[in-house]
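Residue numbers (the working numbering): 10 to 187.
Shown next as structure tokens:
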């Protein structure tokens, strides 16, 4: 798919647990007529068990998971599909790891949220492996995207339609992506 005359980049909706990555990612994928990749379902069983037991993931725990997501994005893009993925991508090194798999620009939509709201949202989820007790560890790991990373930061408390609209404007503007 293209936005205007520019090819749609692959997009990662990122942020801590409870920021709304999956909800916004699905809505953005629908608006772009893109494939949606849910990062949470790509965690290996060991990662799910670790988080479910209240232990945060380490950088090493995340490596294979990030590679799987990066390959899913690259596979879709190589097949000519627009693609939107939901992935925490908390650190610059994680975002760089996702970029290593890409042959096209990778845009990031960073959903900013405060710790209290994130904890409340995670505590209110049903049938999810990540407990609210791990939200603090996500904020401890978080490295907000820096200038030049091809990222748009948005307030996660905004309505979904506004978040999607702002994301589409960002992608249409063709900001420098990496």
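All C-beta atoms, glycine included, are put in the ideal place defined by N, C-alpha and C.
Which term fits residue 29, buried or exposed, when burial requires 16 or more other beta carbons within 10 angstroms of its beta carbon?
By 1-based counting over the chain shown, the position of residue 29 is 20. Buried is the call here.
Could you check the C-alpha separation between residue 64 and residue 100 for me, to the nearest Å?
Counting from 1 along the chain shown, the entry for residue 64 is found at position 55. Counting from 1 along the chain shown, the entry for residue 100 is found at position 91. So the alpha carbons of these two residues sit roughly 18 angstroms apart.
Please classify residue 43: does DSSP put it in a helix, a strand, or coil?
For the purposes of this step, residue 43 is identified with residue 34 of the chain shown, where counting begins at 1. Three-state result, residue 43: coil.
DSSP puts residue 105 in a beta bridge; with which residues?
Locating residue 105 in the chain shown gives position 96, counting from the first residue. Note: residue 105 sits in no beta bridge, so no partner.
Please classify residue 33: is it buried, with 16 or more other beta-carbons within 10 angstroms of its beta-carbon, or exposed?
The residue you call residue 33 lines up with position 24 of the chain shown. Buried: at least 16 other Cβ atoms inside 10 Å.
If you drop the 5 nearest sequence neighbours on each side, which residues of the same chain put their C-beta closer than 8 angstroms to that of residue 112?
Counting from one through the chain shown, the residue named residue 112 turns up at place 103. 83, 86, 87, listed in sequence order.
Apart from the five residues on each side of it in sequence, which residues of its chain come closer than 7 angstroms, Cβ to Cβ, to residue 10?
As a first step, residue 10 must be located in the chain shown, where it is residue number 1. For residue 10, the predicted model reports a pLDDT of 44, less than 50, meaning its position is unreliable; a value from the coordinates is still stated below. Cβ neighbours of residue 10 beyond the five flanking positions: 17, 41, 42, 43, 91.
Are the beta-carbon atoms of residue 144 and residue 128 separated by less than 8 angstroms?
Locating residue 144 in the chain shown gives position 135, counting from the first residue. Locating residue 128 in the chain shown gives position 119, counting from the first residue. In contact: residue 144 and residue 128 (Cβ atoms closer than 8 angstroms).
How many angstroms separate the CA atom of residue 20 from the CA atom of residue 108?
Numbered from its first residue, the chain shown carries residue 20 at position 11. Numbered from its first residue, the chain shown carries residue 108 at position 99. Residue 20 and residue 108: Cα-Cα distance of roughly 11 angstroms.
Along the chain, where does the alpha helix (DSSP H) that runs through residue 85 open and close?
As a working mapping, residue 85 is identified with position 76 in the chain shown. Element bounds for residue 85: 68-87.
Which residue marks the beginning of the alpha helix (DSSP H) containing residue 169, and which one marks its end?
For the purposes of this step, residue 169 is taken as the residue at position 160 of the chain shown. Taken as a continuous stretch (DSSP letters only), the alpha helix (DSSP H) holding residue 169 covers 169-182.
According to the neighbour-count rule (16 or more other Cβ atoms, all chains shown, within 10 Å of its Cβ), is residue 147 buried or exposed?
As a working note, residue 147 is residue 138 in the chain shown. It is buried - the Cβ of residue 147 has at least 16 other Cβ atoms within 10 Å.
In the DSSP assignment, find the alpha helix (DSSP H) that holds residue 23 and state where it starts and stops.
Residue mapping note: residue 23 aligns to position 14 of the chain shown, counting from 1. It is not in any alpha helix (DSSP H) - residue 23 instead sits in the beta strand (DSSP E) that spans 19-23.
What does the alpha-carbon distance come out to for the pair residue 50 and residue 61?
Taking the first residue of the chain shown as position 1, residue 50 is located at position 41. Taking the first residue of the chain shown as position 1, residue 61 is located at position 52. Their backbone Cα atoms lie some 14 angstroms apart in a straight line.
With DSSP as the reference, please indicate the residues paired to residue 92 in a beta bridge.
Here residue 92 corresponds to residue number 83 of the chain shown, with the count starting at 1. Its beta-bridge partners are 44.
When you compare only the Cα positions, how much space is there between residue 56 and residue 68?
Counting from one through the chain shown, the residue named residue 56 turns up at place 47. Counting from one through the chain shown, the residue named residue 68 turns up at place 59. Roughly 11 angstroms separates the two Cα atoms.
Who are the Cβ neighbours of residue 169 in its own chain at under 7 angstroms, not counting the five residues just before and after it?
Here residue 169 refers to the residue found at position 160 of the chain shown. These residues qualify, in order along the chain: 32, 33, 36.
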